[in-house]
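Enquirer: Dumping the structure here so I can ask a few things about it.
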Amino acid sequence: MPNIENPTEKSLAELGINEPSAVEAEFARVRERFDRQIVLPADEIRNLMLREAWVGSESDPATSLRNFWVGRKSGVLTLITDNWLRKAPPSLKGVVGKQFNELKSHIERKLGEQRQRLEAEADQITLAHDHIDLSLPGVTRPIGSHHLIRQVFQEIEDIFVSIGFSVVEGPEIETPYYNFEALNIPEFHPVRDDMDTFYLDLPKGAPTPLLLRTHTSPMQIRTMEKRKPPVRVIVPGKVYRRDNPDATHSFIFHQVEGLAVDADITFCDFTGTIEYFVKQFFGPGVKTRFRPSYFPFTEPSVEFDVSCIFCGGSGTSAGGGTCSKCKGAGWIELFGAGMVDPAVYGFVNYDAKTVSGFAFGMGIDRLAMLKYQIDDIQVFFQNDVRFLRQFP
Ligand code: FA5
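For the sequence shown, the residue numbers in my numbering are -14 to 377.
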């Protein structure tokens, strides 16, 4: 039961109002009642709502008060519409309608002002709680760095670019023609056994088999097909072989190919270029040597060794035993190379009688291992940050 008699629940006739002046007086009372309530603090609104027996489900007093006055179902304005306006005799309809409109806009304006005030207060409270402390240290985001292999590529590129070479890159998926045949390695040549690799599963009827390149040498052919001599390029890149992983072998590794072809390139140009590179890369104290070797696409072919940087070329470790890195030889094999075999020129329409050149193919992982004294090639592929952080 409401504690307060609510006149808006009755019609004007039931209230004994039949004069326009009495209508105005009754509306004035309703307005005063509203004006008293809208300025009440929250806890008093709560008590008031209890006294008014307001049964709304709102959790905050301001919303309760709002719904009590303008709620569509049983707010005071709805009651006035239903009980006073609709039931008013024709003689009072005009004055009731005018009074009602004035009251309605007054209530809505005041409720709007109250809402704005409460929102501003809430913002102030939130700000006070969440204020930003500019003196706190910021969030540090660690900055990554290039992988050591990438860094070594860069070192090598810088050295060769400084003596007139340019850098080109090529596809990692190759045809047997570029990976083998055009390099003078016909089908069934025994050298293919060492370089057997990963072939791609292709749909039946594919025009050519495809494989992951076993070395960067196919780029010798691709470059000479596109450029006329003089050619001076290096080709950094990834290569793939069906080798079992151990401390010096990986089935993915990195090479830098080199190729120089011109009218009068000699073996001296070749050795001079390689020695220049090695001294720039490892330092002037390193000794170099060539050993005869065999590659189908170079003639003569050589293996290129450097004096062991771990034992200084003595073959003996610091403790007095045999150096484990060069196995006592005092030399470490670095890469294969040679003068371009004239047969290769036939595949790229170069005139073997007028041009000559040299080529080399370095294993970058092993080069990096030697320079940075890393004893297991596998660490390059494991991405252990404890290793990577040592080469920022
Ligand atoms: C070649 O790949 C020739 N294409 C190199 C060449 C180019 C010769 C131009 C002549 C002219 P070889 O198979 O030796 O050659 O490989 C070259 C280097 O790659 C080796 O010296 C070694 O450093 C590195 N290498 C070879 N196999 C692996 C492997 N499984 N893991 C890591 N490095 C390897």
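Idealized CB from N, CA, C, for every residue including glycine.
Computed from a predicted model, the values in this text were never measured in an experiment.
If you follow the beta strand (DSSP E) that Ala47 is part of, which residue opens it and which one closes it?
Expert: Segment 46 to 55 is the alpha helix (DSSP H) holding Ala47; no beta strand (DSSP E) there.
Enquirer: Report the rounded CA-to-CA distance for Asn86 versus Glu93, giving the unit in angstroms.
Expert: 11 Å
Enquirer: For a test of the three-state rule: what should DSSP assign to Arg371, helix, strand or coil?
Expert: helix
Enquirer: Comparing alpha-carbon positions, which option in Ile219, Thr301, Ala47 lies nearest Gly149?
Expert: Ile219
Enquirer: Which residue or residues does DSSP assign as beta-bridge partners of Ser151?
Expert: Per DSSP, the beta bridge partners of Ser151 are Val218.
Enquirer: Could you check whether the Cβ of Glu318 sits closer than 8 Å to any heavy atom belonging to ligand 1?
Expert: yes
Enquirer: State the CB to CB distance for the pair Val224 and Gln205, rounded to an integer number of angstroms; the pair is presumed to be in contact (CB under 8 Å).
Expert: With 8 Å as the limit, Val224 and Gln205 do not qualify as a contact, their Cβ atoms being about 14 Å apart.
Enquirer: I'd like the span of the beta strand (DSSP E) that includes Gln240, first residue to last.
Expert: Per DSSP, Gln240 belongs to the beta strand (DSSP E) from 237 to 247.
Enquirer: In angstroms with no decimal places, state the Cα-to-Cα distance between Ser49 and Asn3.
Expert: 33 Å
Enquirer: Quick test of your reading: Phe360 and Ala232, contact by CB under 8 Å. State the CB separation rounded to the nearest angstrom.
Expert: The amino acid at residue 360 is misidentified as Phe; the sequence shows Asp. Right, their Cβ atoms sit about 6 Å apart.
Enquirer: Going by beta-carbon coordinates alone, are Ala245 and Thr258 separated by less than 9 Å?
Expert: yes
Enquirer: From which residue to which residue does the beta strand (DSSP E) around Leu319 run?
Expert: For Leu319, the enclosing beta strand (DSSP E) covers residues 316 to 325.
Enquirer: Give a yes or no on contact between the region 105 to 124 and the region 338 to 356, applying the rule of three or more CB pairs nearer than 8 Å.
Expert: no
Enquirer: Compute every distance between the C-beta of Gln363 and the non-hydrogen atoms of ligand 3, then say whether any falls below 8 Å.
Expert: Because ligand 3 does not appear in the structure shown, any question about it cannot be addressed here, the ligands present being ligand 1.
Enquirer: Rank Leu96, Thr66, Ile170, Asp28 by C-alpha distance to the C-alpha of Phe19 and give the top, closest one.
Expert: Leu96
Enquirer: What whole-angstrom Cβ distance do Pro203 and Asn164 have, given they're in contact under 8 Å?
Expert: 5 Å
Enquirer: Could you tell me the distance, in whole angstroms, from the CA atom of Met324 to the CA atom of Phe343?
Expert: The alpha-carbon of Met324 is positioned some 4 Å away from that of Phe343.
Enquirer: Ligand 1 and Asp178: does the residue's C-beta get closer than 8 Å to at least one heavy atom of that ligand?
Expert: In this structure, Asp178 has its beta carbon at no less than 8 Å from each heavy atom of ligand 1.
Enquirer: What did DSSP end up calling Tyr335 once you bin it into helix, strand or coil?
Expert: coil
Enquirer: Can you tell me whether Asp108 is buried or exposed? The criterion is at least 16 other CB atoms within 10 Å of its CB, across all chains shown.
Expert: exposed
Enquirer: Secondary structure at Pro127, three-state DSSP: helix, strand or coil?
Expert: In the structure shown, Pro127 sits in coil (DSSP, three-state: anything other than H, G, I, E or B).
Enquirer: To which residues does DSSP link Ala344 through a beta bridge?
Expert: Leu244, Gly323
Enquirer: Would you please state the rounded distance, in angstroms, between the beta carbons of Asp340 and Asn169? I believe it to be under 8 Å.
Expert: A quick correction: the sequence has Val, not Asp, at residue 340. Contact flag wrong, Cβ pair sits at about 16 Å.
Enquirer: What would DSSP say about Ile158, mapped onto helix, strand or coil?
Expert: Three-state result, Ile158: strand.
Enquirer: Assess contact between the region 181 to 196 and the region 133 to 147, defined as three or more Cβ pairs (one per stretch) separated by less than 8 Å. Is contact present?
Expert: no
Enquirer: Determine the DSSP secondary structure at Leu195, reduced to helix, strand or coil.
Expert: coil
Enquirer: Given 8 Å as the limit, is there contact between the region 72 to 90 and the region -4 to 11, that is, 3 or more CB pairs closer than that?
Expert: Segments in contact, yes.
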